[in-house]
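Residue numbers for the sequence shown follow the UniProt record's numbering, so the first one is 1 and each next one is one higher. Glycine included, each C-beta is placed from N, C-alpha and C at the ideal position.
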Amino acid sequence: MNKLKLSDLEVAYRGKTVLRVDKAVFEHRKIYGIVGPSGSGKSTLLRAMTLLEQPAAGRMDVFGTVVDLSSLTHAKGLPLQRRIGYVPQKPTMFDSTVFDNVALGLRYRGTDRTAIRSLVTEALELVELGHTAKQRAHTLSGGEAQRIALARVLVYQPDLLFLDEPTANLDPYHIAIFERVLKAIQQTRDITILIVTHNLQQARRLTDECLFIHKGRIVENGSTEAFFTRPKSPELQDFLCGRMIY
Ligand SMILES: Nc1ncnc2c1ncn2[C@@H]1O[C@H](COP(=O)(O)OP(=O)(O)OP(=O)(O)O)[C@@H](O)[C@H]1O
Ligand SMILES: [Mg+2]
């Protein structure tokens, strides 16, 4: 897959611009961390890139086509959207078994039953939860539910994986499992991963590159090592030290 490029993105609510990205490039098979204060526009960015949000302006060069995000119809967007795995900040489970929850995306795509069985089994094993297939989804622990939300999108083998604070409410043990799973995905799948996180240590451990979003702008981005050890902008320096007031 080619690089994913975003240009001239602008998202506004009731006339107020909350996100403006002149240019952002995401290279194939890398993990990107998106960090920044609450309300800075991180989730808005992921939603716009998942084609869930219709921005006022913006183009995305994805899967070999340039898409005008502001005029994209549902019919044109759907085939693209089906190649994007998006795990929202607050995923919801349907009141059925774990297997059914994970199979749902494939059923929408009309995949046959035998293929569904093997793809769901593979996705559950990838998130280390093969033993929960018959369990009711509502009875999963928070840490398990987050990994099932991940399995639910991995099952249809997306080219892009967008995760919005997937470990926000997890204990260190479940955070470690989640990170191990993501690393395994990066190594075994042909996929580019964007992860929004407030856990700076996690961004440092897990990602190849990081973006810092502040007041609806990408203020700084670069290799994770440079981002954390040699931040250039005063805003990122303040943010990393916990000095930022907002
Ligand atoms: N549907 C909406 N209608 C109006 N304003 C919105 C809407 N969605 C987001 N916003 C506003 O856009 C801004 C960015 O929100 P966003 O959810 O992207 O922040 P965030 O960086 O993900 O924050 P957090 O770290 O708290 O999740 C906020 O000021 C928010 O109130
Ligand atoms: Mg958010």
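Can the beta-carbon of isoleucine 213 be found less than 8 Å from the beta-carbon of serine 40? Within the sequence shown, the letter at position 213 stands for residue 213. Within the sequence shown, the letter at position 40 stands for residue 40. Their beta carbons are under 8 Å apart, which means isoleucine 213 touches serine 40 by this criterion.
Decide if threonine 73 is buried, meaning its Cβ has at least 16 other Cβ atoms within 10 Å, or exposed. Position 73 of the sequence shown, counting from 1, holds the residue named residue 73. Threonine 73 comes out exposed.
| field | Proximity to leucine 194 [Cα-Cα], best of Leu170, Leu161, Gln157, Val219 | value | To locate residue 194, count along the sequence shown from 1; it is residue 194. Comparing Cα-Cα distances from leucine 194 to each of Leu170, Leu161, Gln157, Val219, the minimum goes to Leu161.
Margin query: Within the continuous alpha helix (DSSP H) that includes glycine 15, where are the two ends?
Written below: Taking the first residue of the sequence shown as 1, we reach residue 15 at position 15. Premise fails: glycine 15 is in no alpha helix (DSSP H) and is neither H nor E.
- Item | Unbroken beta strand (DSSP E) run spanning aspartate 68, endpoints | The sequence position of residue 68 within the sequence shown is 68, counting from 1. From DSSP, the beta strand (DSSP E) with aspartate 68 extends over 65-68.
According to DSSP, tyrosine 108 sits in a beta bridge with which residue or residues? Numbered from its first residue, the sequence shown carries residue 108 at position 108. According to DSSP, which records beta bridges pairwise, tyrosine 108 is partnered with nothing at all.
Is the beta carbon of threonine 44 within less than 7 Å of some heavy atom of ligand 1?
Translated into positions along the sequence shown, residue 44 becomes position 44. True, at least one ligand heavy atom lies under 7 Å from that Cβ.
Handout entry: Whole-angstrom C-beta distance between isoleucine 148 and alanine 133, which should lie under 8 Å
Key = The residue given as residue 133 occupies position 133 in the sequence shown. The residue given as residue 148 occupies position 148 in the sequence shown. No, alanine 133 and isoleucine 148 are not in contact; Cβ-Cβ is about 10 Å, not under 8 Å.
Item to complete: Tell me leucine 32's beta-bridge partners as DSSP assigns them.
Response: Sequence index remark: in the sequence shown, residue 32 carries index 32 (1-based). As written in the sequence, residue 32 is tyrosine, which differs from the leucine given in the question. The partner list for tyrosine 32 (beta bridge, DSSP) reads Leu194, Glu209.
Report the three-state DSSP secondary structure of alanine 103 (helix, strand or coil). For the purposes of this step, residue 103 is taken as the residue at position 103 of the sequence shown. If DSSP states are grouped into helix, strand and coil, alanine 103 belongs with the helices.
Can you list, in chain order, the residues of its chain with a C-beta nearer than 7 Å to that of glutamine 89? Leave out the 5 residues immediately preceding and following it.
Looking up residue 89 in the sequence shown gives position 89. Closer than 7 Å at the Cβ level, and outside the excluded window around glutamine 89, lie Ser43, Asp164, Glu165.
Just the C-alpha distance for lysine 30 and glutamine 186, rounded to the nearest angstrom, thanks. Locating residue 30 in the sequence shown gives position 30, counting from the first residue. Locating residue 186 in the sequence shown gives position 186, counting from the first residue. The alpha-carbon atoms of lysine 30 and glutamine 186 are separated by roughly 8 Å.
**Report entry** Residues near arginine 47 by beta carbon distance below 6 Å, same chain, minus five either side
**Finding:** The count along the sequence shown starts at 1 and reaches residue 47 at position 47. Cβ within range, chain order: Glu53.
>> Given this structure, state the Cα-to-Cα distance separating glutamate 144 from glycine 105, to the nearest angstrom.
In response: Along the sequence shown, read from residue 1 onward, the residue named residue 144 stands at position 144. Along the sequence shown, read from residue 1 onward, the residue named residue 105 stands at position 105. Their Cα atoms are separated by approximately 19 Å.
*Cα-Cα separation between aspartate 61 and leucine 19, rounded to whole angstroms*: Taking the sequence shown and counting its residues from 1, one reaches residue 61 at position 61. Taking the sequence shown and counting its residues from 1, one reaches residue 19 at position 19. So the alpha carbons of these two residues sit roughly 18 Å apart.
Let me know the secondary structure DSSP gives alanine 24 once reduced to three states. Position 24 of the sequence shown holds residue 24. Here DSSP, grouped into helix, strand and coil, assigns alanine 24 to strand.
Check your understanding: Got a sec? Which residues, its chain only, sit under 8 Å from glutamate 220 by beta carbon, not counting five neighbours each side?
Key -> Locating residue 220 in the sequence shown gives position 220, where the first residue counts as 1. Correct list, in chain order: Leu211, Phe212, Phe227, Pro231, Lys232, Ser233, Glu235, Leu236.
Residue burial classification, phenylalanine 94 (beta-carbon count within 10 angstroms, cutoff 16)
In the sequence shown, residue 94 corresponds to position 94, counting from 1. Flag for phenylalanine 94 reads exposed.
Just reading off the alpha helix (DSSP H) that isoleucine 185 is part of, what are its end residues? By one-based count along the sequence shown, residue 185 stands at place 185. Note, isoleucine 185: alpha helix (DSSP H), 172-188.
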